[in-house]
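If you're matching positions, the sequence shown starts at 1036 in my numbering and goes up one per residue.
Glycine included, C-beta positions come from ideal geometry on N, C-alpha and C.
Scroll down for the structure; my scribbles are underneath it.
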Amino acid sequence: MNKKHKTAIWYYGLSGLLPMIIMLSLYAWLKIVPFGQHNLLISDLGTQYIPFLAEFKRQIGQLNFSSYSFSLSLGANMLPLAAYYLISPFNLLLLFCSNSQLPVVVGYVIVLKISAMGLTMAHFLKTRQSEYHFSALIFATAYSLSGFVAMNFYNLMWLDALILLPLVILGLEQLFYRRQPNLYIGMLTVTILTNYYLGYMTCLFVVLYLISLLIKEQQPNQSWKQLVSQRWSTICQFGWASLIAGGTAAIVLIPALLGMLKTGKKTIAATHFYPTLKFGGEVLSQFQVGGSQYAQRLIHEPSLFISTLGLLFAVAYFCLPTIKRQAKWSNGFLVSSLGLSFWVTTLNTIWHMFQQPAGFPYRNTYLLSFVLLKIAYEASVAPTGQRQTKKLVIWLVWGLFSIGQLALYYGPQIRGVQKQPLWLLMGLTLVASAIFYIWQKRTRWQFWVIGIGAILTFSELFINARLAMRQLPLGNQAVYVQQYRQQARLLKQLEKRTPNFYRVNNQAILLRKAFNEPYFGYNDALLFGQYTFNSYSSTLDEQMRSMLVKLGFYSKNARRINGIGHTQITDLLFANRYDLVDKQGRIQVKKHQTLGLGFAVNARLTQVALKAGAPFENQTQVMQAMTNQTAPFYHVDRLVMQQQKSTQVTFKTQIRTSGAAYLYLPRQAMSKVKLQVNGQLHKIPIHLKGATIIGLGRYQKGQPLTLTISGQHPQAFRQVQVASLDQNQFKQAFSQLAQQRLTVNQSQLSADNGRISGQITVKRPHQLLYLSVPYDSGWHAEVNQHTVRPQSVMGNMLAIPLESGSNQVHLVYCAPGLVMGALITIFSLLIWIITYFKRH
């Protein structure tokens, strides 16, 4: 092995090893497994990503990927969720662990991804010079542990875009300078496939980068028209290559886009496009360590930290006389364009797919980190110029830091910005300035200067990450394993005793004990392979959520739906067989009357339109239509106000019919509401912040009920409703519907939620098969081997027209846009392959 190969092995080995060592040191400091019992059950990683990864693991492990899942609330298209969260080759490592160990393995995956960032960035920086410069490892490591990564490392689905960005830009440069588009097409395609959201940002960035390359190429006295004309074939090749990359990713992009159009995010707020400014001079403090921390993850300013030494060299790039003027204009264009994308609300909204982020803002900050560290390295290997230039750079950086700190301490109070001890900030800046000042290419002491600079930078990266992780509410892995196994055993027992399709409304969240922050188990169904109401995801179907809210279910926002708010009627409609309730540390299993996945109903159901804020009326109309009856199911009890105080209202009523009684509260912060029923405190299941139905228990006809509600806005309590379900009427309707229930091939359904096969015998005219499945244009149905058109009923549930007598029913789900996307992908691949062979 010659010296060059040994150097390459050391260079690339260290590029991945250095970020890994820093991350493992942080794990050791925080006592994260394997250095202690803590794990990364934090924020969306614990509530969303781990359950989603469990579903990915289950489907891949069974070698049967279904594009539909009943574990996503009532059921939903899996592809939009998979496109955003799951398509990363690193996720294959999860196949080698049990679900109870997922938090541990995900922690290792994060370390590997950050290590891979250092590797790809080091490779990109290597292409800046003909030789290996180990000083590049300082800037590569700074990229892998920049401020953006320190604040977002647990959003692991974003990290792939940071790994691939240096390779995408390297491919773009090969296209621009050598007319070789393959690396660009391949890496951009993989970026879009692994996470289309940051893939979109990368696509915007490559357009800016192309413009910067054109600026760099522009000759003195050459007009832009002449430059574009000269480079027109390259620009066309760039456009063609970008279209091929997008087309190759269409198999994921198109279904994901159509799926996202069904979420609450499709609404675009005009105010998000006003050209307002988002921050002031305090943003400059974000270039120093500890500018933000975990508690500010939802609202903070751009995480600009790239190390003090990195910033010094980035500023030096624009001051060194040895760097060409056009190169400075080129990179200045990139820096200013990205800076404006943070500062101006209009541009910020465009960069975030025409929506303002719901938490974790400035998600394109990593692009600026990349540009700054790229030019910082280029400045570090360039002739350093006169000492006067270095002094100017040091004064400029100290000036920027001073402006940031003065604005932070003496400006308006700013949310999302963290103050750090000035002695720490000044000490780090002073040492970095000294290293920068004595940095001299090809001197006998340069090896030691680089070594000290590396130690300083790696220490800064560690300190910044540690400060960003302050107040990190780490989970307990030992407790997680114990509670996971207990919950899994209980759910397995329910599965064994219930041969038909059913859902579980699990409000006894055992895993909550392993978390150090509120945990409501929205996605536990995915973790345990069960079916439920609950879901928390950016891909939640808005029509389904809206329908459930109109029926009385609780929804905190457009991304969440909860099983709280169910009644006996909705238990029947949605096959909610069991409630799991925690009673003083013991789990109680409450059983409900259900009819499985589907049953025949009267065609009148197609005429029902649900109203907002009227859940009892809506449920009554649904049951009347299903059974073709006119008798009421709910009796709304007349409330008589007995007393009203500044924060409390007391009502009395007399129950009008024997059965379950329910309360419907108006929309407000019910976490601050206290409810007393007949003088006894009535516990509200979770911290509710919106309207929902609350069960009050069973009552006999004529029984008195006293209701006392305490809260901040008692005037709103005048809109409360108490209604009692006519138990005899419900039993009669249940018996009628039970005569025409669907018998389902349960084993096939369990293996693939996207296929439903069953048999039903129809005994009445004008009947539809009502399915406890949300309506989706991806469902295709056959009845007795004849194609029929599925219908939407109740706002968003699936129904199939039936014939009299025996009906063999088959439904198959194909994600909308999947076939079109696959065809575009195949066509794009063919064009790419043909073009490749034609060129060679």
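Which listed residue (the options) has its alpha carbon closest to that of residue i
i     : options                       : result
D1576 : S1812, I1728 and V1484        : S1812
G1142 : F1348, N1190, S1108 and M1152 : N1190
Y1412 : I1385, F1169 and G1556        : F1169
A1171 : M1186, V1847 and T1155        : T1155
V1755 : N1256, T1743, F1765 and N1763 : T1743
I1729 : L1674, A1773 and T1602        : T1602
K1161 : Q1578, T1302, D1606 and Y1046 : Y1046
Y1119 : T1574, L1200 and D1559        : T1574
P1650 : R1595, A1726 and Q1423        : A1726
V1779 : A1280, N1399 and N1535        : N1535
V1140 : L1607, P1201 and I1067        : I1067
I1604 : G1830, Q1628 and V1712        : Q1628
Q1475 : V1318, I1485 and V1287        : I1485
I1198 : R1214, P1216 and A1157        : A1157
L1296 : I1085, F1174 and G1852        : G1852
A1660 : A1393, Y1699, T1641 and L1369 : T1641
A1716 : P1739, S1745 and F1353        : Checking the sequence shown, residue 1716 turns out to be Leu, not Ala. When only C-alpha atoms are compared, the closest one is S1745.
L1114 : Q1794, A1276 and L1292        : L1292
Per-residue burial, residue i [other beta carbons within 10 Å of its own, 16 or more giving buried]
i     : result
W1007 : Nothing in the structure corresponds to residue 1007, since the chain is present only between 1036 and 1875.
G1434 : exposed
E1336 : buried
N1256 : exposed
K1038 : exposed
M1676 : exposed
E1166 : exposed
P1800 : exposed
Q1656 : buried
T1302 : exposed
L1710 : buried
N1422 : The sequence shown places Arg at residue 1422, rather than the Asn named in the question. Exposed, by the Cβ-count rule.
N1653 : buried
S1782 : exposed
Heavy atom of the ligand ADP within 7 Å of residue i beta-carbon
i     : result
Y1062 : Absent from the structure shown: the ligand ADP. Ligands present: none.
CB-CB length for residue i against residue j, believed under 8 Å
i     : j     : result
N1230 : A1850 : At roughly 18 Å, the Cβ-Cβ gap does not stay under 8 Å, so N1230 and A1850 are not in contact.
Y1805 : A1834 : 5 Å
A1696 : G1648 : Not confirmed; about 19 Å, so no contact.
L1088 : L1147 : Actually they do not touch by this definition, with Cβ atoms about 15 Å apart.
Q1678 : T1685 : 4 Å
Y1571 : R1595 : 5 Å
G1345 : L1407 : 7 Å
T1283 : T1860 : 6 Å
M1055 : S1123 : That pair is no contact at about 18 Å.
A1351 : V1428 : 5 Å
N1499 : N1611 : Contact flag wrong, Cβ pair sits at about 48 Å.
L1200 : T1237 : 6 Å
N1831 : Y1810 : 5 Å
A1560 : S1106 : 4 Å
E1838 : V1808 : Not confirmed; about 20 Å, so no contact.
L1509 : Y1613 : The pair is not a contact, with the Cβ atoms about 32 Å apart (cut-off 8 Å).
P1216 : Q1272 : 6 Å
K1286 : A1644 : Rather than Lys, the amino acid found at residue 1286 in this sequence is Ile. At roughly 37 Å, the Cβ-Cβ gap does not stay under 8 Å, so I1286 and A1644 are not in contact.
* Please go through the region 1758-1823 and give each complete alpha helix (DSSP H) segment of 4 or more residues, from N-terminal end onward. => 1762-1773 and 1781-1786
* Within the chosen definition, does the region 1061-1080 reach the region 1182-1189 through at least 3 CB pairs nearer than 8 Å? -> yes
* Flag this pair as touching only if the region 1171-1182 and the region 1223-1233 have three or more C-beta atom pairs under 8 Å; answer yes or no. => no
* To do: May I ask you to verify whether the region 1362-1381 touches the region 1242-1251, counting CB pairs closer than 8 Å and requiring at least 3?
  => yes
* To do: Report the residue ranges of all alpha helix (DSSP H) runs contained in full by the region 1333-1359; include only those spanning at least 4 residues, in chain order.
  => 1343-1352
* Asked: Fully enclosed by the region 1220-1286, which beta strand (DSSP E) runs are 3 residues long or longer?
  -> none
* To do: Check whether the region 1821-1838 touches the region 1620-1630, taking contact to mean three or more Cβ pairs, one atom from each stretch, closer than 8 Å.
  => no
* Could you say if the region 1436-1452 and the region 1369-1378 meet the contact criterion of at least three C-beta pairs nearer than 8 Å? => no
* To do: Count the C-beta pairs between the region 1060-1075 and the region 1497-1511 that are closer than 8 Å, then say yes if the count reaches three, no if not.
  => yes
* Inter-stretch contact at 8 Å, needing at least 3 Cβ pairs: the region 1784-1793 / the region 1099-1108 -> yes
* Asked: Is it a yes or a no for the region 1511-1520 touching the region 1537-1549, going by three-plus beta-carbon pairs under 8 Å?
  -> yes
* How do the region 1277-1291 and the region 1398-1405 stand: do at least 3 beta-carbon pairs fall below 8 Å, yes or no? -> no
* In chain order, which continuous runs of the beta strand (DSSP E) of length 3 or greater are located wholly inside the region 1384-1459? -> none
* If you pair each beta-carbon of the region 1454-1473 with each one of the region 1319-1328, do three or more pairs fall below 8 Å? -> yes
* Asked: Which whole runs of the beta strand (DSSP E) in the region 1709-1740 are 3 residues long or more, in chain order?
  -> 1709-1712 and 1727-1734
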